Amino acid sequence: MSSSSVKTDTGPKKKFRLRVPHVYVLLIMIMIIAAIASYVMPAGEYVRVKDEATGRMVIDPTTFQEIEKTPVGLFSLALAIPEGMANGVDIIFLIILVCASFEIVNATGAFNTGIAYLVKKLAGKESIVIAGVTILFSTIGAFLGWAEGVLVFIPLGVALSKAMGYDALLGMGMVVLGTGAGFAGGVTNIYTVGVAQAIAKLPLFSGLGFRFVAYVTFTIITIVFLLLYAKKLKKDPEISPVHDVKLATMEEIDLSEMPKFTARHKGVIAVVIAGFAITIYGTINLGWFLRQISAMFILVGIAAGFVGGFTPSEMAEHFANGAKAIIFGAVTTGLARSILVVMEKGHIIDSVIHSLAGLVEGLPTIMAAMGMYCIQLVMNFFIPSGSGQAVTTMPIMAPLADIVGTTRQVAVLAFQYGDSFTNALFPTSGVLLAGLAMAGGIPWDRWAKWVWKLMLAWIVSAGVFVTIAHFIKLGPF
């Protein structure tokens, strides 16, 4: 009788890997969780009153009351998607129109040629370029408070990075992380520090020196992170989290075959530089925001097309191709906005704030200061808008600071840092998702895998600054 044979699998065992769902699925899952919470959590609301100092509607911290639940059903959940897109229409159209217009510019070949010449001149000085670009955008974030406004620079950052032999992550990082470090520093950020200090009845931009030191620290941390990554990337390009991802960015620039830099190319680049200059002027001096920036870059695209020698039909074709390539990112931004819509429908945002504030009130003073910081970090997941988070949380946090024995300036710092850093991580941040789309469609999970160490360094260092501010009683009060 022959012995039975046993089959053995000698092939390599597949290693289990947790797969992050598609970003659409991830955002809709968060919406569903928020809808379920509207059935479970008590609904509540604060009365909103107009704040004379800021002209904005803010909550009255003494008026919270539970109300009858308003659970979000299936149809209401679905309705939140177009409503979220309507709320984010300006940034959605900015993404589509700027990227579509840039496709006309890219098609002229002017940027490939111009960047090729620039990189050749800067050969061996890549570290200076990375640090310089990062400092430029951190300055914009710290003093002008730009966030959405820097999105138009992302395609240029990515193109420059790839021409230097790096990847799209580094290109986006120079722009977005540089801006993020400055925005968090908030030296004269009117949209966050200005609004928060007005609500807290503090002198405008008081504590500037302390915030400047923090800003410099955050910027140095960011530059070190980017330079270390660039060094590793030069040694082994396959360490890039996006090395196997096909991104919809400009064609690779071959420096071995330098194209001729024609008069048309120079004209196109002059048009784009003029467009950026006018945009910066309009934003600073004329109150321009997303719609005006979108309009400006439509004109830039058309002018660049004519200078580049395109017919109107050719420009329309390139414009359509650019819009088609970016629609994924535009929809992603709308979905991110829909999460807050669901929470507002269920009347649970105010309940979350009230519960978190109650947890902090009974803590020892130093723990209460850090508790306020942690609350702002949590709230930024639900309310990624800086000014929106300020008017929602600061009317509670300012008097809470008085109760727990810290200063209102510390409460402002806790808000500023809690609101800022995770805008470069949370999938609920429409600006981040828009940036990933404009960088060629970087998957959110690859970005998160790359940026989490910097995020941790930012959050810890900001916690240290909050602690120092508490112990020195940063004021005036």
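Residue numbers for the sequence shown follow this note's numbering, beginning at 44 and rising by one.
Glycine included, C-beta positions come from ideal geometry on N, C-alpha and C.
Keep in mind the model is a prediction, meaning the values are calculated, not measured.
- Remark: C-beta atoms of Ala239 and Met74 do not approach each other more closely than 9 Å.
- A direct Cα-Cα distance of roughly 23 Å separates Ala373 from Ala78.
- Taking every protein chain shown into account, the CB of Asp287 has fewer than 16 other CB atoms within 10 angstroms, so this residue is exposed.
- Here Gly98 is exposed. Its C-beta has fewer than 16 other C-beta atoms within 10 Å.
- The stretch 70-135 is shown to contain whole beta strand (DSSP E) runs of 3 or more residues at 91-93 and 100-102, in chain order.
- The residue from Asp488, Leu499 and Trp493 with its alpha-carbon nearest to that of Arg62 is Asp488.
- By the neighbour-count criterion, in which a residue is buried when 16 or more other Cβ atoms sit within 10 angstroms of its Cβ, Asp462 is buried.
- Per DSSP, the continuous alpha helix (DSSP H) segment holding His308 begins and ends at Ala306 to Asn328.
- Around the C-beta of Ile266, 16 or more other C-beta atoms lie within 10 Å, and the residue is accordingly described as buried.
- A direct Cα-Cα distance of roughly 30 Å separates Thr326 from Gly352.
- Within the model, the alpha-carbon separation for Ala491 versus Thr375 is close to 16 Å.
- For Ser398, the enclosing alpha helix (DSSP H) begins and ends at Ile392 to Glu404.
- Judged by DSSP secondary structure, Gly252 falls within the alpha helix (DSSP H) whose first and last residues are Leu251 to Lys278.
- In this structure, the beta-carbon distance from Leu220 to Phe268 falls below 9 Å.
- Look at Thr231 here: in three-state DSSP terms it is coil, with no helix or strand label.
- The beta carbon of Trp495 is closer than 8 Å to those of Leu468 in its chain, skipping five residues each way along the sequence.
- Scanning its chain for C-beta atoms nearer than 8 Å, with the 5 sequence neighbours on each side dropped, one finds around Phe304 the residues Thr156, Gly157 and Tyr160, in chain order.
- The straight-line gap separating the alpha-carbon atoms of Pro246 and Ala454 is approximately 14 Å.
- Contact check for Ile382 against Leu70 passes: the beta carbons are separated by less than 9 Å.
- Taking all protein chains shown into account, Gly473 has 16 or more neighbouring C-beta atoms within 10 Å of its C-beta and is therefore buried.
- Excluding the 5 residues flanking it on each side, Glu109 has same chain C-beta neighbours closer than 7 Å at Pro85, Ala86 and Gly87, in chain order.
- Between Met72 and Glu111, the alpha-carbon positions lie close to 25 Å from each other.
- By the Cβ neighbour-count rule, Leu333 is buried, with 16 or more other Cβ atoms within 10 Å of its own.
- Around the C-beta of Ala224, 16 or more other C-beta atoms lie within 10 Å, and the residue is accordingly described as buried.
- Rounded to the nearest whole angstrom, the CA to CA distance from Asp445 to Val259 is 29 Å.
- Apart from sequence neighbours up to five positions away, the residues of its chain that approach Val350 with a beta-carbon distance below 7 Å are Arg307, Gly310, Val311 and Val314, ordered along the chain.
- Contact between Gln452 and Leu517 is confirmed by a C-beta separation of about 5 Å, below the 8 Å threshold.
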